[in-house]
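Reviewing the structure listed below.
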Amino acid sequence: MSRFPDACFLVSAAAPAQFPADCGSEVAFAGRSNVGKSSAINAITQRRGLARTSKTPGRTRLLNFFQLAPAKRLVDLPGYGYAAGPAAERRTWLPLIESLRARASLAGLFLIVDSRRGLTAADEGLLEWLPSAQRLHVLLSKADKLGRGEAARVLRATTAQLDGRATAQLFSALAGTGVQEAQETLAAWLGVGRAR
Ligand code: GDP
């Protein structure tokens with residue numbers, strides 16, 4: 004059975020005024036464009052079409068809120084690091100994520116990183132953005148593209164680079180690698196589906 008059987012789309016916000024009420028808890032998903040973030044959201048929520056996977060990278064400039072359970076949300080942040088250019092990106096991105104960061108309901112951030120590429124400077128910038136009280140988990144995506152030994156090496160190197168700032172795991176939406184581990188982390192942070 005799905006971990007989040009009632010997952011549904013809530014709202015697309017182009018401005019902080021459109022965010023849902025700041026109650027309950029939410030976890031944000033961020034990553035460079037084309038890193039596999041939408042595929043990860045769909046795999047974790049087990050809802051194929053929940054987050055739209057992008058044929059044209061970097062187009063979405065909206066924050067998409069999904070409800071996974073009553074007052075428990077997943078926030079899909081716009082992918083960063085693409086053609087719109089750093090100046091345009093800062094103009095549209097920063098006010099939105101600054102407002103998100105200030106929300107009491109933000110429990111943590113899932114950062115999606117291409118396992119073949121590792122943490123980039125843009126990812127490091129985002130890591131600094133998160134207040135230290137909030138939790139951070141890195142999904143090393145598209146792990147199916149790596150051999151077993153190489154995947155293990157990437158996980159070790161990334162964990163060392165994170166140096167205690169975040170937890171990390173291998174992930175593949177395609178092969179299903181690490182989906183359960185990611186679901187469990189997300190559910191625990193949101194306080195969803197605790198063992199009764
Ligand atoms: P987003 O832009 O970060 O939301 O990325 P998408 O989820 O739209 O995926 C970008 C591209 O990566 C698409 O061509 C996907 O088919 C591909 N992709 C996503 N997840 C995986 C995966 O686990 N393995 C492989 N091999 N490709 C993937």
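In case it helps, the numbering used here puts the sequence shown at residues 4 to 199.
All C-beta atoms in this analysis are idealised placements derived from N, C-alpha and C, irrespective of residue type, glycine included.
The model shown is predicted, which means the values in this text are computed figures rather than measured ones.
Could you give the distance in angstroms between the alpha-carbon of residue i and the alpha-carbon of residue j?
i, j, result
"ASP166", "CYS11", "35 Å"
"ALA20", "PRO81", "17 Å"
"ARG159", "LEU149", "14 Å"
"PHE113", "ALA31", "6 Å"
"PRO60", "ASN37", "With a pLDDT of 48 at PRO60, under the threshold of 50, the modelled position of that residue is not reliable, and the figure given next carries that caveat. Their Cα atoms are separated by approximately 6 Å."
"ARG6", "THR48", "7 Å"
"PHE22", "GLY152", "43 Å"
"LEU133", "LEU139", "8 Å"
"SER118", "VAL157", "7 Å"
With respect to the alpha helix (DSSP H) encompassing residue i, which residues constitute its N-terminal and C-terminal limits?
i, result
"ASN45", "40-48"
"ARG106", "Per DSSP, ARG106 belongs to no alpha helix (DSSP H) and is neither H nor E."
"ALA154", "151-165"
I'd like to know whether the C-beta atoms of residue i and residue j end up nearer to each other than 7 Å.
i, j, result
"LEU173", "ALA190", "no"
"THR95", "ARG64", "yes"
"ALA125", "TYR83", "yes"
"SER108", "GLY27", "yes"
"LEU66", "ALA16", "yes"
"ARG104", "ASP25", "no"
Report all residues from its chain with a CB closer than 6 Å to the CB of residue i; omit the five preceding and five following residues, and keep chain order.
i, result
"ARG76", "GLU29, PHE68 and GLN70"
"GLN186", "ARG6 and ILE47"
Just reading off the beta strand (DSSP E) that residue i is part of, what are its end residues?
i, result
"ALA74", "ALA74 -> no beta strand (DSSP E), and no H or E assigned at all."
"ALA185", "Note, ALA185: premise wrong, no beta strand (DSSP E); alpha helix (DSSP H) at 182-193."
"LEU13", "11-16"
"ALA125", "Looking at the DSSP string, ALA125 is not in any beta strand (DSSP E); the run it does join, the alpha helix (DSSP H), is 124-132."
Here's a check: name, in chain order, each residue in its chain whose Cβ is nearer than 7 Å to the Cβ of residue i, leaving out the five neighbours to either side.
i, result
"GLN164", "LEU122"
Kindly list the residues whose CB is nearer than 8 Å to the CB of residue i, restricted to its own chain and excluding five residues on each side of it in sequence; keep chain order.
i, result
"THR161", "VAL116, GLY121, LEU122, VAL141, LEU143 and ALA171"
"THR180", "ALA146, ASP147, LEU173 and PHE174"
Please find out if some non-hydrogen atom of ligand 2 comes closer than 6 Å to the beta-carbon of residue i.
i, result
"SER118", "As far as ligands go, the structure on display features ligand 1 and does not contain ligand 2."
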